[in-house]
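The block underneath contains the structure these notes are about, expressed in structure tokens.
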Amino acid sequence: MNIIKALPSLLINKIAAGEVIERPASVVKELIENALDAGASRIEIEVADGGKKLIRVSDNGCGMSPADLEKAFLSHTTSKIDSEKDLSRIQTFGFRGEALASIGAVSQARLTSKLRLTGSEKNASPEAYTVEINGGELNPLQPAAGSEGTIVDIRNLFFNTPARQKFLKSNAVEMGHLSEMITRFAIAYPEIQFAVVSNQKNILNLLPVSDVKERLRIFFGDELVSQLLLVEDESVLGGRAYISNPLVTKPTGRWQFFFLNRRFIRDRIIAAAVRKAYYEIIPGGRYPAVFLFMHLPFEEYDVNVHPTKLEVRFRNGWQIHDNILGLIR
Ligand code: ADP
Ligand code: MG
394 MNIIKALPSL LINKIAAGEV IERPASVVKE LIENALDAGA SRIEIEVADG
444 GKKLIRVSDN GCGMSPADLE KAFLSHTTSK IDSEKDLSRI QTFGFRGEAL
494 ASIGAVSQAR LTSKLRLTGS EKNASPEAYT VEINGGELNP LQPAAGSEGT
544 IVDIRNLFFN TPARQKFLKS NAVEMGHLSE MITRFAIAYP EIQFAVVSNQ
594 KNILNLLPVS DVKERLRIFF GDELVSQLLL VEDESVLGGR AYISNPLVTK
644 PTGRWQFFFL NRRFIRDRII AAAVRKAYYE IIPGGRYPAV FLFMHLPFEE
694 YDVNVHPTKL EVRFRNGWQI HDNILGLIR
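In this note's numbering, the protein residues as written are 394 to 722.
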């Protein structure tokens, strides 16, 4: 008797969502990444009830044509790669084309978008369109009102996956995860304006700045930031780090942020290098503050190893380790 069958695409998307979308903060991550990939200079994040009830991300990026809008919620549809070759030189945050499909499978979602026109197309006068998806069921495209760019509305996350919904924490805890996520992007992209609205209250409006220290000051306070030391290494790490001197330590590693080509990453090798650099010069159980901004050629690492791309695989991890250790020492 034959027992193997192909799963329906709705179920496939729900399974994919299980890997990528854990909580409201994961949705915000994917939507901010899409806005950055679309070249936005201003991103507004609006949430209600810690993102459980509503997450709305609006950007002034390139927008989407009506035909693209119809495809955006389908799985494995992307404008970012074409061929296998592209996989080894990914410059965008996205490339798998599954974030919107995953989110749309486990929420009530709406995309409204209007193409940003370049000079030669100006007389095409496009309109905004909107497309809705409800627990994976896509509705037809409709004309809408809207300005250039994209608005994504995500309502009632996990309304159709109660097992997942049960794992969500209080609004305050979910809001904490959201803020942490937004902090990472705000530090990596100081030139981008970020505004955050929670339960209809403006809670953050970050104007574009040229110096990342100004953003660090907002999130971590004057006192810490004024004591940070700048170390630079353009040749091997293509980067710089702001690190605390050994007299300034923290109770956890929460003040350590590592960015690789402006992508926030978690990495055990980097964390080990930081630990080693401060070993025996700070008390046990204390952690330095370290904000590390590395820039490496795309051949040096692979981002296609982790569902949420929070981890990467370095081609030569120990070399990175030694370089960071050397830089901080
Ligand atoms: P990926 O980012 O991996 O391509 P997504 O599911 O996140 O996959 O998005 C699918 C496609 O929808 C993107 O490749 C992009 O072309 C388009 N898109 C999504 N969000 C936006 C946005 N904010 N602005 C413009 N285009 C977008
Ligand atoms: Mg994406």
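In this text, a Cβ means the ideal position worked out from N, Cα and C, and glycines have one as well.
Exposed unless 16 or more other CB atoms sit within 10 angstroms - verdict on Ala-433: Translated into the one-based positions of the sequence shown, residue 433 becomes position 40. So Ala-433 counts as buried.
Reference Arg-577, options Ala-521, Glu-426, Leu-403, closest by Cα: Numbered from 1 along the sequence shown, position 184 holds the residue referred to as residue 577. With distances taken between Cα atoms, Arg-577 lies closest to Glu-426.
Residue interval of the beta strand (DSSP E) (run including Thr-543): Position 150 of the sequence shown, counted from the start, is the residue given in the question as residue 543. Run containing Thr-543: 542-548, per the beta strand (DSSP E) assignment.
Supposed contact pair Asn-595 and Asp-442 - C-beta distance, whole angstroms, cut 8 angstroms: Against the sequence shown, residue 442 aligns to sequence position 49. Against the sequence shown, residue 595 aligns to sequence position 202. Actually they are not in contact, since the Cβ atoms of Asp-442 and Asn-595 sit about 17 angstroms apart, beyond 8 angstroms.
Extent of the continuous alpha helix (DSSP H) to which Asn-406 belongs: The residue given as residue 406 occupies position 13 in the sequence shown. First-last of the alpha helix (DSSP H) with Asn-406: 402-413.
CA-to-CA distance, Leu-600 to Ala-581, given in whole angstroms: Here residue 581 is taken as the residue at index 188 of the sequence shown, counted from 1. Here residue 600 is taken as the residue at index 207 of the sequence shown, counted from 1. Each residue's alpha carbon lies about 14 angstroms from the other.
Residue ranges of each beta strand (DSSP E) within the segment 555-641, 3 or longer: 586-591, 594-599, 621-626, 632-637
Secondary structure of Arg-656, DSSP reduced to three states: Position 263 of the sequence shown, counted from the first residue, corresponds to residue 656. Strand, per DSSP.
DSSP-derived helix/strand/coil call for Ile-502: Along the sequence shown, read from residue 1 onward, the residue named residue 502 stands at position 109. Here residue 502 is Ala; the residue named in the question, Ile, does not match the sequence. It is a strand residue.
Cβ-based neighbour list, Glu-525, same chain, cut-off 6 angstroms, excluding 5 preceding and 5 following: The residue you call residue 525 lines up with position 132 of the sequence shown. Arg-503, Asn-532.
Where Arg-672 falls: helix, strand or coil (DSSP): Residue numbering aside, residue 672 sits at position 279 when the sequence shown is read from its first letter. One detail in the question is off: residue 672 reads as Tyr in this sequence, not Arg. Correct three-state label for Tyr-672: coil.
Environment of the ligand MG in chain order, Cβ to heavy atom below 5 angstroms: Asn-427, Gly-487, Ala-492
beta-carbon Pro-543 near the ligand ADP non-hydrogen atom, thresh 7 angstroms: For this step, residue 543 is matched to residue 150 along the sequence shown. Inspection of the sequence shows that residue 543 is occupied by Thr rather than by Pro. Yes, the beta carbon of Thr-543 sits closer than 7 angstroms to at least one heavy atom of the ligand ADP.
Opposing strand residues paired with Arg-435 [DSSP bridges]: Taking the sequence shown and counting its residues from 1, one reaches residue 435 at position 42. Paired residue(s): Gln-586.
Thr-471 Cβ short of 7 angstroms to the ligand ADP heavy atom set: Here residue 471 refers to the residue found at position 78 of the sequence shown. True, at least one ligand heavy atom lies under 7 angstroms from that Cβ.
Uninterrupted alpha helix (DSSP H) stretches inside the segment 443-478 (no shorter than 4 residues): 459-465
Coarse secondary structure for Phe-691, derived from DSSP in three states: For the purposes of this step, residue 691 is taken as residue 298 along the sequence shown, with counting starting at 1. If DSSP states are grouped into helix, strand and coil, Phe-691 belongs with the helices.
Bridge partner(s) assigned by DSSP for Arg-706: Taking the sequence shown and counting its residues from 1, one reaches residue 706 at position 313. Per DSSP, Asp-695.
Distance between Ser-500 and Arg-548 (C-alpha atoms, nearest Å): By 1-based counting over the sequence shown, the position of residue 548 is 155. By 1-based counting over the sequence shown, the position of residue 500 is 107. Roughly 6 angstroms between the two C-alpha positions.
Whole-angstrom distance between His-688 and Asn-406, CA atom to CA atom: Working through the sequence shown from its first residue, we reach residue 406 at position 13. Working through the sequence shown from its first residue, we reach residue 688 at position 295. Using only the alpha carbons, I get a separation of about 33 angstroms.
Burial state of Pro-401, where buried means 16 or more other Cβ atoms lie within 10 Å: By 1-based counting over the sequence shown, the position of residue 401 is 8. That one is exposed.
Reference Asp-452, options Leu-424, Val-698, Gly-569, closest by Cα: Position 59 of the sequence shown, counted from the start, is the residue given in the question as residue 452. Comparing Cα positions, the closest option is Leu-424.
Meets three-Cβ-pair contact criterion under 8 angstroms: the segment 542-561 and the segment 411-425: yes
Contact between the segment 634-645 and the segment 676-686 (3+ Cβ pairs under 8 angstroms): yes
Top-ranked residue by Cα proximity to Gln-535, from Arg-608, Ala-556, Ser-506, Asn-527: What you label residue 535 is simply residue 142 of the sequence shown in a count that begins at 1. Residue Ser-506 is the option with its Cα nearest to Gln-535.
Check: Met-457 C-beta below 7 angstroms from any heavy atom of the ligand ADP: Here residue 457 corresponds to residue number 64 of the sequence shown, with the count starting at 1. For the ligand ADP, at least one heavy atom lies less than 7 angstroms from the Cβ of Met-457.
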